[in-house]
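K.L.:
A single structure is presented below for examination.
Protein chains: 2
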Amino acid sequence: MSDKGDITGKGSVADDPMRLGDFLCFAVYSANHAFNRVYKPMLDRLGLTYPQYVVMVALWEGDGLTVGQIGDRVLLETNTLTPLLKRMEGSGLVQRSRCAEDERQVRVKLTEKGRALRAEAAIVPREMGSCLEKDTATLERLTHELTCLRDGLLARIKA
Amino acid sequence: MSDKGDITGKGSVADDPMRLGDFLCFAVYSANHAFNRVYKPMLDRLGLTYPQYVVMVALWEGDGLTVGQIGDRVLLETNTLTPLLKRMEGSGLVQRSRCAEDERQVRVKLTEKGRALRAEAAIVPREMGSCLEKDTATLERLTHELTCLRDGLLARIKA
DNA sequence: ATAGATTAAATCGCATGCGACCTAGTTCAA
DNA sequence: TTGAACTAGGTCGCATGCGATTTAATCTAT
Numbered sequence: 003m004s005d006k007g008d009i010t011g012k013g014s015v016a017d018d019p020m021r022l023g024d025f026l027c028f029a030v031y032s033a034n035h036a037f038n039r040v041y042k043p044m045l046d047r048l049g050l051t052y053p054q055y056v057v058m059v060a061l062w063e064g065d066g067l068t069v070g071q072i073g074d075r076v077l078l079e080t081n082t083l084t085p086l087l088k089r090m091e092g093s094g095l096v097q098r099s100r101c102a103e104d105e106r107q108v109r110v111k112l113t114e115k116g117r118a119l120r121a122e123a124a125i126v127p128r129e130m131g132s133c134l135e136k137d138t139a140t141l142e143r144l145t146h147e148l149t150c151l152r153d154g155l156l157a158r159i160k161a
Numbered sequence: 003m004s005d006k007g008d009i010t011g012k013g014s015v016a017d018d019p020m021r022l023g024d025f026l027c028f029a030v031y032s033a034n035h036a037f038n039r040v041y042k043p044m045l046d047r048l049g050l051t052y053p054q055y056v057v058m059v060a061l062w063e064g065d066g067l068t069v070g071q072i073g074d075r076v077l078l079e080t081n082t083l084t085p086l087l088k089r090m091e092g093s094g095l096v097q098r099s100r101c102a103e104d105e106r107q108v109r110v111k112l113t114e115k116g117r118a119l120r121a122e123a124a125i126v127p128r129e130m131g132s133c134l135e136k137d138t139a140t141l142e143r144l145t146h147e148l149t150c151l152r153d154g155l156l157a158r159i160k161a
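In order, the protein sequence lines correspond to chains L and P.
Count the first sequence with our numbering and you get residues 3 to 161, in order.
Count the second sequence with our numbering and you get residues 3 to 161, in order.
As structure tokens, this is what we get:
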């Protein structure tokens, strides 16, 4: 007997505690906000928002991606990326240009300033690491488990 | 030798792979988006957004909270909650009213419709559970680890 | 008793995210 | 080869989140 295993859902909807603290989704949701708040002062110094930082990491990993390729890596749609990339172009970090081979595509290249920011940004993961009072192995395992969880969820959507 | 343990940060900033997939923050960030996408169709049927759902869970847990108390539970600021609660009042789920004892506070109470929605919403965690191909113990452990991680990060901010 | 500090919400501005739709370039099939 | 289908980006609207600021109510120390 007992708790949430009650697949019938009968008899105790009004009694079910429904504790927010037991929700994995809320743990992820609130952990994400917590990360954002810790990152904010660090990224402010770089003149980046968190999603912009993610895009920069993707471009430092491999420059000259198209908007769609960036979307594949950071898992965002073009309707989010286009305005974001325009703001990044506005701050002089990237340069957007139509591909010659396929005029539908837009290639995003780092500017000199964008490449230079990489050295500045190198402290960010170290500073963040010191905020996470866990050993590296635990953090790597968590990262892996969450990535699997995410990919499992994303697979459900396309299905 | 080797990788990210290089606390000196010398010599290889440009060579550091900086792989997005290794970032715990990105795993959390993208897992959060994945949750949102899976939840969307379920919550659409209830007429809720995900943050609204979180607030409803908090209120089902304990009705008649003030805006600040809701913020403590869902970890959001009043500048986010006020418009969100107004929209929820607009859809007839809650009723907002100034406290008599302390006119600064606003008490949020579920309407009959809001209480009734609880039964409908009971399927959501079950449906989500079936999307997560993990055993309950793993999910509970992950929830706990993320909650600890989050609280550790939040403690850094107030410090 | 009352001025100043404190507190709870609310307002404003900006940057995401994404669904729905649009546009222009490319491909494919008859 | 040419019109339909497809594809890559982009636009628009709406709902978060949050920093900065404001307003109104309460508290506190003199």
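Positions of the beta carbon are idealized from the N, C-alpha and C atoms, including for glycine.
1. Can you round the beta-carbon distance between Val-110/L and Ile-159/L to whole angstroms, since I take them to be within the 8 Å contact cut?
2. From Val-108/L to Gln-97/L, what distance separates their C-alpha atoms?
3. Out of curiosity, what's the CA-to-CA distance linking Leu-87/L and Ala-29/P?
4. Taking the beta carbon of Arg-75/P as the centre, do at least 16 other beta carbons fall within 10 Å, making it buried, or is it exposed?
5. Can you give me the C-alpha to C-alpha distance between Met-130/P and Tyr-41/P, rounded to a whole angstrom?
6. Helix, strand or coil, according to DSSP, for Lys-136/L in the structure here?
7. Return no unless some Cβ of chain P is closer than 8 Å to the Cβ of Asp-24/L.
8. Are Leu-112/P and Asp-65/P touching if we call contact CB-CB under 8 Å?
9. Per DSSP, what kind of secondary structure is Thr-68/L in: helix, strand or coil?
10. Applying a beta-carbon distance threshold of less than 9 Å, which residues of chain L neighbour Arg-21/P?
11. Excluding five sequence neighbours on each side, which residues of the same chain lie with their C-beta closer than 7 Å to the C-beta of Leu-50/P?
12. Would you mind listing the alpha helix (DSSP H) stretches within the segment 83-140 of chain P that are 4+ residues and don't spill past its ends, in chain order?
13. When DSSP labels each residue in this structure, what does Arg-158/L get in the three-state scheme?
14. Just to confirm, is the Cβ distance from Leu-151/L to Leu-134/P under 8 Å?
15. Based on Cα-Cα distance, which residue from Thr-80/P, Cys-101/P, Ala-36/P and Leu-45/P lies nearest to Glu-122/P?
16. At a CB-CB cut-off below 7 Å, which residues of chain P make contact with Ala-33/L?
17. Using only the alpha-carbon positions, how far apart do Ser-4/L and Leu-119/P sit?
18. For Lys-175/L versus Gly-92/L, is the C-beta spacing smaller than 8 Å?
19. Going straight from the alpha carbon of Arg-128/L to that of Ser-99/P, what length do you get?
20. What do you get for Ala-60/P, buried or exposed, if any count of 16 or more other CB atoms within 10 angstroms of its CB means buried?
21. From the DSSP output, in three-state form, read off Thr-51/P for me.
22. Using a cut-off of 7 Å between C-beta atoms, extract the partners of Ile-159/P located in chain L.
23. Which residues in chain P sit within 9 Å of Thr-68/L, going by Cβ to Cβ distance?
24. Rounded to the nearest angstrom, what separates Ser-132/L and Lys-136/P at their Cα positions?
25. DSSP state of Pro-19/P, grouped into three classes?
26. Can you pull out the residues from the segment 82-105 of chain P whose beta carbon lies closer than 9 Å to at least one beta carbon of chain L?
27. Figure out for me which residue from Leu-48/P, Glu-63/P and Met-20/P has the closest Cα to the Cα of Glu-63/L.
28. So with Cβ pairs under 8 Å, would you call Val-56/L a contact of chain P?
P.N.:
Taking the geometry as given:
1. The count along the first sequence starts at 1 and reaches residue 110/L at position 108. The count along the first sequence starts at 1 and reaches residue 159/L at position 157. At roughly 26 Å, the Cβ-Cβ gap does not stay under 8 Å, so Val-110/L and Ile-159/L are not in contact.
2. The residue labelled residue 108/L in the question sits at position 106 within the first sequence. The residue labelled residue 97/L in the question sits at position 95 within the first sequence. Roughly 10 Å between the two C-alpha positions.
3. Stepping through the first sequence from its first residue, residue 87/L is reached at position 85. Stepping through the second sequence from its first residue, residue 29/P is reached at position 27. Approximately 22 Å, taken between the alpha carbons.
4. As a working mapping, residue 75/P is identified with position 73 in the second sequence. Classification for Arg-75/P: buried.
5. Locating residue 130/P in the second sequence gives position 128, counting from the first residue. Locating residue 41/P in the second sequence gives position 39, counting from the first residue. Going from the Cα of Met-130/P to the Cα of Tyr-41/P covers about 8 Å.
6. On the first sequence, position 134 is the one that residue 136/L refers to. The answer is coil: DSSP assigns Lys-136/L none of H, G, I, E or B.
7. In the first sequence, counting from the first residue as 1, residue 24/L sits at position 22. Nearest CB-CB separation between Asp-24/L and chain P: below the 8 Å threshold.
8. As a position in the second sequence, residue 112/P is number 110, starting the count at 1. As a position in the second sequence, residue 65/P is number 63, starting the count at 1. Yes, Cβ-Cβ distance for Leu-112/P and Asp-65/P is below 8 Å.
9. On the first sequence, residue 68/L is found 66 positions in, with the first residue counted as 1. In this structure, Thr-68/L counts as strand in the three-state DSSP scheme.
10. Locating residue 21/P in the second sequence gives position 19, where the first residue counts as 1. Correct list: Val-59 and Glu-63.
11. For the purposes of this step, residue 50/P is identified with residue 48 of the second sequence, where counting begins at 1. If we look at Leu-50/P and ignore the five residues flanking it on each side, its Cβ neighbours are Met-58.
12. Taking only runs of at least 4 residues, the alpha helix (DSSP H) segments lying wholly in the segment 83-140 of chain P are 114-123 and 125-133.
13. Your numbering for residue 158/L matches position 156 in the first sequence. Here Arg-158/L sits in helix by DSSP.
14. Here the question's residue 151/L lines up with position 149 in the first sequence. Here the question's residue 134/P lines up with position 132 in the second sequence. Taking a C-beta distance under 8 Å as the contact criterion, Leu-151/L and Leu-134/P qualify as a contact pair.
15. Numbered from its first residue, the second sequence carries residue 122/P at position 120. Considering only alpha carbons, the answer is Leu-45/P.
16. As a first step, residue 33/L must be located in the first sequence, where it is residue number 31. The answer, in chain order, is Val-30, Leu-148, Leu-151 and Arg-152.
17. Residue 4/L sits at position 2 when you count from the first residue of the first sequence. Residue 119/P sits at position 117 when you count from the first residue of the second sequence. Confidence at Ser-4/L is low in this model, with a pLDDT of 40, below 50, so the placement of that residue should be treated as unreliable; the coordinate-derived value is given next. Using only the alpha carbons, I get a separation of about 23 Å.
18. In this structure chain L extends from 3 to 161, so residue 175/L is not present and cannot be described.
19. The sequence position of residue 128/L within the first sequence is 126, counting from 1. The sequence position of residue 99/P within the second sequence is 97, counting from 1. When rounded, the distance between both Cα atoms is 47 Å.
20. Counting from 1 along the second sequence, the entry for residue 60/P is found at position 58. When all chains shown are included, Ala-60/P counts as buried.
21. On the second sequence, residue 51/P is found 49 positions in, with the first residue counted as 1. Under the three-state reduction of DSSP output, Thr-51/P falls in the coil class, being neither helix nor strand.
22. Translated into the one-based positions of the second sequence, residue 159/P becomes position 157. Those are Arg-39 and Val-40, listed as they occur along chain L.
23. Sequence index remark: in the first sequence, residue 68/L carries index 66 (1-based). Per Cβ cutoff of 9 Å: no residues; Thr-68/L is ~17 Å from chain P at best.
24. By 1-based counting over the first sequence, the position of residue 132/L is 130. By 1-based counting over the second sequence, the position of residue 136/P is 134. Each residue's Cα considered, the two are about 30 Å apart.
25. Numbered from its first residue, the second sequence carries residue 19/P at position 17. If DSSP states are grouped into helix, strand and coil, Pro-19/P belongs with coil.
26. Residues of the segment 82-105 of chain P whose Cβ lies closer than 9 Å to any Cβ of chain L: none.
27. Residue mapping note: residue 63/L aligns to position 61 of the first sequence, counting from 1. Of the listed residues, the one whose Cα sits closest to Glu-63/L is Met-20/P.
28. Translated into the one-based positions of the first sequence, residue 56/L becomes position 54. Between Val-56/L and chain P, the shortest Cβ-Cβ separation is below 8 Å.
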